[in-house]
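In the UniProt record's numbering, the protein residues as written are 1 to 465. Don't be surprised by glycine CBs; every beta carbon is placed ideally from N, CA and C. Following: one structure in structure tokens, then a few remarks.
See below:
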């Protein structure tokens, strides 16, 4: 360990003597660079891992400090969740949720232990199947998982055998594209688990794990306002802060909006960009990224699935916002213009498909299969002219990408999984998991049947890739 890091850890030793977590703030990542986390000697009782003992200690600490009920009323059920959902019995608890994107544009999935009911009310085998069902929609793309540990108790914890089975079930396809796993509010119980699974966990995978003692730490990695954090977790976090600091936790501050630059491209409306670019319908950033990807990226395997350096993406965004030219050849990474295109769409103040279309799109699965393309066309025809022209430009390009799927492996379905949530999202909060199927289906139909859907309307001044 470097001398500076060692001194920092000793500085925090006294502060953490009564901390809720054994993890030093200096070691908020899985370990120091290039180091595997180490947790001291594993506690045993008569040669058997004291799996439940540490969990009971955690429960006693929580009960003593917070004096709350063992289980709180379940969260309000997702109104978009259909009773015919294949995993309705598990999904209704809201244990697993989609939570927007992280700072690298990767999809974020959260797992909240506090929403797990007592074991006799939840089939843990079904929970594992549902978790895999959810991840299967994203494992081909880079993604992030946030694990809220608070609320795991002796009454709702899965068995050690289940945990071992779960780890084995998540083979390489799940681990390869998982770029970050954030464990929030870790406790001694996590130490026990780490020691149990350490022989199975590769050094490479271990480096993806980040331990966070407080919710405020999440803001460094994720778009905090997109996270649907359970109220129980928020209250627990506040209690930890009061216990440690003697004061409420710091408010996660969102900087006040600044007046946009005349050349601004990101975070402003399509109309604003049009007005500042001599009436051009297609925003410059979209035109340039699509043009570059069309000429050099159509046959790149996994196009749009990979993430890119946060620092580089911010640098390119800054150049565009300042009205400066961007030469993607300088970056030697075809995924940078791909991420920039997705980021542009996601940062629009209103989704390209508009909030007005959200409910109509969610209803697409209830439409008979033979009528779905017609319904998609009706929804798209109702868009404002400018939105229609930009959507037509984008879908035309994505249709081209799908035509090269034998090389790039990006079918219309694959592209829909990537772009669906960048084209439409609800007016408030993050998109729920139950909305994924209709959103992705709608997007897939747009790409697959591009010609049929967009052939009957032309907007003055429109252009195509």
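Let me know if residue i comes out buried or exposed under the rule of 16 or more other beta-carbons within 10 Å of its beta-carbon.
i: residue 258; result: exposed
i: residue 110; result: buried
i: residue 118; result: exposed
i: residue 379; result: buried
i: residue 185; result: buried
i: residue 458; result: exposed
i: residue 351; result: buried
i: residue 453; result: buried
i: residue 374; result: exposed
i: residue 177; result: buried
i: residue 236; result: buried
i: residue 275; result: exposed
i: residue 269; result: exposed
i: residue 340; result: buried
i: residue 369; result: exposed
i: residue 68; result: Residue confidence for residue 68 is low, a pLDDT of 46 falling below 50, so the modelled location carries little weight and cannot support an answer.
The alpha helix (DSSP H) that contains residue i, what's its start and end?
i: residue 340; result: 335-346
i: residue 87; result: Unbroken run through residue 87: none, as it is neither H nor E.
i: residue 166; result: 160-169
i: residue 377; result: 372-381
i: residue 358; result: 358-362
i: residue 124; result: 124-135
Considering Cα atoms alone, identify which of the options is closest to residue i.
i: residue 366; options: 182, 435, 404, 246; result: 435
i: residue 417; options: 268, 440, 222; result: 440
i: residue 89; options: 315, 125, 229, 242; result: 125
i: residue 192; options: 155, 403, 176, 160; result: 160
i: residue 357; options: 346, 368, 376; result: 376
i: residue 130; options: 349, 94, 218; result: 94
i: residue 264; options: 168, 319, 310, 287; result: 319
i: residue 211; options: 285, 182, 236; result: 182
i: residue 128; options: 312, 424, 169; result: 169
i: residue 442; options: 360, 462, 287; result: 360
i: residue 151; options: 99, 114, 177, 384; result: 114
i: residue 106; options: 132, 112, 144; result: 144
i: residue 132; options: 96, 164, 222, 344; result: 96
i: residue 438; options: 448, 450, 424; result: 424
i: residue 279; options: 463, 86, 81; result: 463
i: residue 401; options: 338, 390, 98, 232; result: 338
i: residue 328; options: 372, 299, 294, 227; result: 294
i: residue 167; options: 202, 353, 381; result: 202
i: residue 311; options: 348, 445, 104; result: 104
i: residue 427; options: 158, 444, 355, 406; result: 355
i: residue 445; options: 173, 371, 349; result: 371
Quick one: what's residue i bridged to in DSSP?
i: residue 174; result: None; residue 174 has no bridge partner.
i: residue 147; result: 111, 183
i: residue 222; result: 102
How far does the beta strand (DSSP E) with residue i in it extend, from its first residue to its last?
i: residue 99; result: 96-101
Helix, strand or coil: how does DSSP classify residue i here?
i: residue 189; result: helix
i: residue 265; result: coil
i: residue 438; result: helix
i: residue 316; result: helix
i: residue 400; result: helix
i: residue 425; result: coil
i: residue 245; result: helix
i: residue 387; result: helix
i: residue 412; result: helix
i: residue 279; result: coil
i: residue 301; result: coil
i: residue 258; result: coil
i: residue 286; result: helix
i: residue 310; result: helix
i: residue 462; result: coil
i: residue 332; result: coil
i: residue 447; result: helix
i: residue 352; result: coil
i: residue 393; result: helix
i: residue 227; result: coil
i: residue 274; result: helix
i: residue 407; result: helix
i: residue 430; result: coil
i: residue 322; result: coil
i: residue 41; result: Bear in mind that the predicted position of residue 41 carries a pLDDT of just 37, short of 50, making it unreliable; the figure below should be weighed with that in mind. In this structure, residue 41 counts as coil in the three-state DSSP scheme.
i: residue 368; result: coil
i: residue 140; result: coil
i: residue 296; result: helix
i: residue 204; result: helix
i: residue 154; result: coil
If we define contact as Cβ-Cβ less than 8 Å, is residue i a contact residue for chain D?
i: residue 361; result: Among the chains of the structure shown, chain D does not appear; only one protein chain is present.
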